[in-house]
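Undergrad:
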Ligand SMILES: *Cc1c(COP(=O)(O)O)cnc(C)c1O
């Protein structure tokens, strides 16, 4: 593919663009000293899974622009939906007024949240068989952090009003729920969160199922996904039970359990072994706590398919959410990243009628949910989101997603030939490839060796863009990626590992 004409229409030379960035911009989650030491890649155009930089160089977007993009860049149908809405109005306030695309989108999100097959009414509506309440209300915000923050405040207030004195929260070790102070309080990644500890409220963490590095996994490392060869007695679930029991004994039960269903993203793409989520949520619910599902990364079919998929599902029965895949319904469903197809900041927190009703009352009772942002329910974002859902729920697109996940899975298996690969963890169209110094002992690279960063830099030189999490390289292709492009992503990773870590013997 050739770079589109747009690349020359920026009006500035590549050097000028790079200089503007380096002079004025402070980048997120970036050591700016390192950033200033090299020329930034300035992206100027995209089409499908391809991105172009200001020099006209072509890349593959191998992490879907930090996990947001679903159907590719510059998608004609999403572009058209935004243009159509733009010709009416770009933004009006949700404080005091409704708007058309936000109302329509809310209805569609509630339908999707009912579960696969619920709309068609097929097979006594599978959706009703999800363990948990019906989610009937949609509260909009702008980002993943704000979607979680909304669920946090709603569940706090709901629990306070329905009898608990001081609501407390439980999450998983390694959890990441965003960067606002409430979301950080629920997170448990020491490296990100320690600096702000003085600002945070306390929340508890329980061990996450991380089979590859689980102290209870007695299996020797193999050249396979650790979930497939682990040997344990589900000690992670026992640990959860003990935490819940001890909180109950102290008469300080949890108000809510916060979880990324299916796979913990920023923790290093840590997938949950089959059956873990359902059992964890059963335990949490019998404790009396609410479930906050942070599906900011996992929603919209991202985690469906691949080697462990049972297959044979009808497209309209394909679950779109990690919770549904496990057969459960949360009390709060937090959506963002992929909601607008990766086009615009748009987020939603879905909850049940019971939670909604706890905030009803007379005006002067001030039971109102006092929370909201200026750009909440943005009309352009809602229009893009509707187009995203149209694309997502088409039978052909569901089928293609499954096919692609299967091909992705097969391609990833070739990486086992790299001695520097310790674990390959794939869930649908997300994979984390953990680089290790010695796969036989699982010995990690010290972080200062920056193995993950060096491998990703070497991939960028091969025209494939992604970002590591420590020593875990993330591959997350957009759904429109072709088999040939997926193969290029995996091959670039393979070659980058050989270049950076050497050809290690198996
Ligand atoms: C990215 C992410 C967030 C934060 O979303 P932002 O849009 O960056 O605020 C929260 N939770 C999970 C699971 C995420 O992956």
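In this note's numbering, the protein residues as written are 617 to 1122.
Built from N, CA and C at the ideal position, the CB exists for glycine as well.
Is residue 995 near residue 809, with beta carbons less than 8 Å apart?
TA: No, they are not a contact pair.
Undergrad: Who are the near neighbours of residue 693 in its chain, counting only those whose CB is closer than 6 Å to its CB and skipping five residues on each side?
TA: 1003
Undergrad: Would you check whether ligand 3 has a heavy atom nearer than 7 Å to the C-beta of residue 1085?
TA: With respect to ligand 3, the structure shown offers nothing to examine, as its ligands consist of ligand 1.
Undergrad: Taking the runs of the alpha helix (DSSP H) that are 4 residues or longer, which of them lie wholly in the region 835 to 867?
TA: Correct list: 842 to 845, 851 to 865.
Undergrad: Just to check, is the beta-carbon of residue 1088 closer than 7 Å to a non-hydrogen atom of ligand 1?
TA: Exclusion of residue 1088 from the 7 Å shell around ligand 1 follows from its C-beta lying no nearer than that to any non-hydrogen atom of the ligand.
Undergrad: What residue does the beta strand (DSSP E) around residue 1099 start on, and which one ends it?
TA: Here residue 1099 belongs to no beta strand (DSSP E); instead the alpha helix (DSSP H) covers 1099 to 1117.
Undergrad: Verify whether the separation of the beta carbon atoms of residue 663 and residue 687 is less than 8 Å.
TA: The Cβ atoms of residue 663 and residue 687 lie no closer than 8 Å to each other.
Undergrad: Could you check if residue 826 is buried or exposed, using at least 16 other CB atoms within 10 Å of its CB as the buried criterion?
TA: buried
Undergrad: Looking at residue 680 and ligand 1, is the gap between the Cβ and the nearest heavy atom below 7 Å?
TA: no
Undergrad: Cα-Cα, which of 1105, 1090, 1102 is closest to residue 682?
TA: 1090
Undergrad: Can you find at least 3 beta carbon pairs, one from the region 793 to 803 and one from the region 756 to 768, that sit closer than 8 Å?
TA: yes
Undergrad: When burial is assigned at 16 or more other CB atoms within 10 Å of the CB, is residue 641 buried or exposed?
TA: exposed
Undergrad: On a Cα-Cα basis, can you pick out the residue from 1064, 1042, 638, 1096 that is closest to residue 843?
TA: Closest option to residue 843, Cα to Cα, is 1042.
Undergrad: Three-state secondary structure (DSSP) at residue 671?
TA: coil
Undergrad: Within the continuous alpha helix (DSSP H) that includes residue 910, where are the two ends?
TA: Element bounds for residue 910: not the alpha helix (DSSP H) but the beta strand (DSSP E), 906 to 910.
Undergrad: Would the beta-carbon of residue 953 be found less than 7 Å away from any heavy atom of ligand 1?
TA: yes
Undergrad: In the DSSP output, which residue or residues are listed as bridge partners for residue 664?
TA: 689
Undergrad: May I ask you to report which of helix, strand or coil DSSP gives residue 805?
TA: Residue 805 falls in the coil class under three-state DSSP.
Undergrad: Might you give, ordered along the chain, the residues of its own chain that have their beta carbon closer than 6 Å to the beta carbon of residue 777, omitting 5 neighbours on each side?
TA: 974
Undergrad: Considering only the beta carbon of each residue, do residue 822 and residue 856 sit closer than 8 Å?
TA: yes
Undergrad: Could you check what DSSP says for residue 795 in three-state terms: helix, strand or coil?
TA: coil
Undergrad: Here's a check: name, in chain order, each residue in its chain whose Cβ is nearer than 6 Å to the Cβ of residue 1101, leaving out the five neighbours to either side.
TA: 665, 676
Undergrad: Determine which residues share a DSSP beta bridge with residue 963 and list them.
TA: 757
Undergrad: With DSSP run on the structure shown, which of helix, strand or coil describes residue 1009?
TA: DSSP places residue 1009 in the coil class of the three-state scheme, outside both helix and strand.
Undergrad: Residue 637 by DSSP, collapsed to three states: which one?
TA: helix
Undergrad: In whole angstroms, what is the alpha-carbon distance linking residue 832 and residue 698?
TA: 51 Å
Undergrad: For the alpha helix (DSSP H) that contains residue 1034, what are its first and last residues?
TA: No alpha helix (DSSP H) contains residue 1034, which DSSP labels as neither H nor E.
Undergrad: Is it buried or exposed for residue 654, if we count other Cβ within 10 angstroms and need 16 for buried?
TA: exposed
Undergrad: Is it true that the CB of residue 1044 sits closer than 8 Å to the CB of residue 685?
TA: A distance of 8 Å or more separates the beta carbons of residue 685 and residue 1044.
Undergrad: So, for residue 820: in the same chain, excluding its five sequence neighbours on each side, which residues have a beta-carbon less than 6 Å away from its beta-carbon?
TA: 786
Undergrad: Judging by CA-CA distance, which residue of 934, 909, 903 is the nearest neighbour of residue 917?
TA: 934
Undergrad: Exposed or buried, what is residue 811 when buried is set at 16 or more other beta-carbons lying within 10 Å of its beta-carbon?
TA: exposed
Undergrad: Measuring from the CB of residue 910, is there a heavy atom of ligand 1 at a distance below 7 Å?
TA: Under cutoff, so the answer is yes.
Undergrad: Does the distance from the C-beta atom of residue 1026 to that of residue 725 stay below 8 Å?
TA: no
Undergrad: Suppose you measure from the CA of residue 696 to the CA of residue 960; what does that come to, to the nearest Å?
TA: 14 Å
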